[in-house]
Structure formats: structure tokens, C-alpha cells
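Notes to accompany the following structure.
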Amino acid sequence: MALIFVRTAVIFLALLAVMRLMGKSQIGEMQPFELVITLLIAELACIPMADTSVPLMYGVISIAAMFVLHQLVWLLNLWIKPLKTVICGRPSVVINRQGIDEYQLKKNNLEVSDLIESMRAAGYFNLDDVYYGLYEANGSFSALGKKEKGASLAVTLIDGGKVNEHNLEQSGLTRERLDGMLKERNTAAKKVLVMTLDGNGRIYLQRRGRPYEILHAEGTARW
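Counted from 1, the sequence shown has number 175 at position 184 by this note's numbering; the numbering is strictly sequential.
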């Protein structure tokens, strides 16, 4: 038992030293290669701690090797700028002045609901509360917000061409009225990328491949 305690303490100190040397990004948002290295280090650290038949030095050397690889990739990113894009990726602008960029969403394996969730986490509760929204290379969401934001939470009525019947019922809109509104604009639900409605009756509508529109619906529920 004492041997395992000592081995664990040594690995802990080695890990602490390496993580500190790797910099602040290991504590906050990480680049893809940093995440891979961190996962590998965690796996390598477990082996000598749990298996006393494995020499302790093997674990320490493996952790040190991962640190060297981290520094090597970091230097390559610093010296060869095009390589940084290949290794870390680049920011993706998913919202622009026209609305949501569906191509960029699909490129990043995201759905409209994922984008809406990220916006709420950033303090934006309506899709048109921002001029630009983007996912950084490390996966975090950034936005250039408008001075005046919507005063009510928006619910999603249509997401990727599919109607959310529950939200539709809660909003006070009937399916017939929704279809009628879409028909007035020569479109249908399956052609809509996203449609939201806030508690003030304000509708955000974006058809696939088209700029978004702001509409108003009377007689809807208020929240």
C-alpha cells in the first residue's frame, strides 16, 4: 500500500509539473491537439499507478515524452502559420448579416438547436440579437451582439425543416395558421432552416439559402 501511495505521489507531481509547463490553455479552452495530448497523458499516468509491475520510470518518461511532443507541435504552429490551420482548424462564422450559414453549421457537425444553445449560454436569446456569431477553433462560441437585444426568450417552431409540435402548441399557434403564414411567402416547413417565436409575437424566419426575415404574429401566447 505504501508503495502504491509513493508511486501515485510521484506521478501526481510529474503531471502537475507538465500541466503547468504546458500553459494556461490546458486549464481553459484547449486546441484539438492539446486535448488529445491531455487524454493520452491521463491514460499513461494510470498505468504505473495501478500496476506495480510496470516500472515507475516508464510512466514518468511517457509523460515527459508527451510534453516534448506538445512543445514541438506548439513551435510548428508558431513558425509555420498554414500548419496551424491544419492542426487546430480555423474559426467558423455561423451567423452573418444574412442570418445562419447552414453550410458552416453542417461543416462543423452542428444543428440549429446546438447554435441556439450556445447563444443562450453567451447571453443571447434570439437569433437576430447578434450581427455575427462564430465558433472558435477551440470550440468556444463568440458573437458580436447588437446594442438592442430581444426582451423575450424565443422558442423554436421549425428546426431544419421539422415542426416542433410541442413548442407550436405552447406558443398559441395552430398548425393551420403556421402553414398559412408560410404559404403567404410561397414556402413550406420543409424549406425552412429555422423559425422561432418570442413572447412578444416576434418571428425569426429563415428559409434555406435565403436571408432571414422578421415577422409579427398576433394572438400568440406571451411569456
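Where is the CB? At the ideal position from N, CA and C, for every residue including glycine.
Asked: Under the DSSP definition of a beta bridge, which residues are partnered with Q197?; Found: V185
Asked: Count the C-beta pairs between the region 49 to 56 and the region -1 to 6 that are closer than 8 Å, then say yes if the count reaches three, no if not.; Found: yes
Asked: Contact between the region 72 to 82 and the region 140 to 160 is defined here as three or more beta-carbon pairs at a separation below 8 Å; is this criterion met?; Found: no
Asked: Could you tell me which whole beta strand (DSSP E) segments of length 3 or greater appear in the region 115 to 154?; Found: 121 to 126, 132 to 136 and 145 to 150
Asked: Alpha carbon to alpha carbon, what distance is there between T29 and L67?; Found: 18 Å
Asked: Can you name the start and end residues of the beta strand (DSSP E) that S218 belongs to?; Found: Because residue 218 is not part of the residues shown, which for the chain are -8 to 214, the question remains open.
Asked: Could you check the C-alpha separation between R168 and P202 for me, to the nearest Å?; Found: 23 Å
Asked: Count the other C-beta atoms from every protein chain shown that fall within 10 angstroms of the C-beta of N100, then say buried if there are 16 or more, exposed otherwise.; Found: exposed
Asked: Return helix, strand or coil for S44, following the three-state DSSP convention.; Found: coil
Asked: Could you say which of V183, Y126 and I38 lies nearest to D105 if we only look at CA atoms?; Found: Y126
Asked: Decide yes or no for the touch test of the region 123 to 139 against the region 168 to 187: beta carbon pairs closer than 8 Å, at least 3 of them.; Found: no
Asked: Is it buried or exposed for A145, if we count other Cβ within 10 angstroms and need 16 for buried?; Found: buried
Asked: Is any heavy atom of the ligand GDP found at a distance shorter than 6 Å from the C-beta of E209?; Found: Ligands in the displayed structure: none, and consequently the ligand GDP is not present.
Asked: Quick check on DSSP: helix, strand or coil for E156?; Found: helix
Asked: For E204, collect the residues of the same chain with a Cβ closer than 6 Å to its Cβ; drop the 5 residues on either side in sequence, then sort them by chain order.; Found: L196
Asked: Between which two residues does the alpha helix (DSSP H) harbouring E204 extend?; Found: Here E204 belongs to no alpha helix (DSSP H); instead the beta strand (DSSP E) covers E204 to H207.
Asked: With DSSP as the reference, label G171 as helix, strand or coil.; Found: helix
Asked: By a C-beta neighbour count over all protein chains shown, 10 Å radius and 16 as the cutoff for buried, is N177 buried or exposed?; Found: exposed
Asked: Pull up the distance between the alpha-carbon of V121 and that of M40, whole angstroms please.; Found: 49 Å
Asked: Going straight from the alpha carbon of G124 to that of P46, what length do you get?; Found: 50 Å
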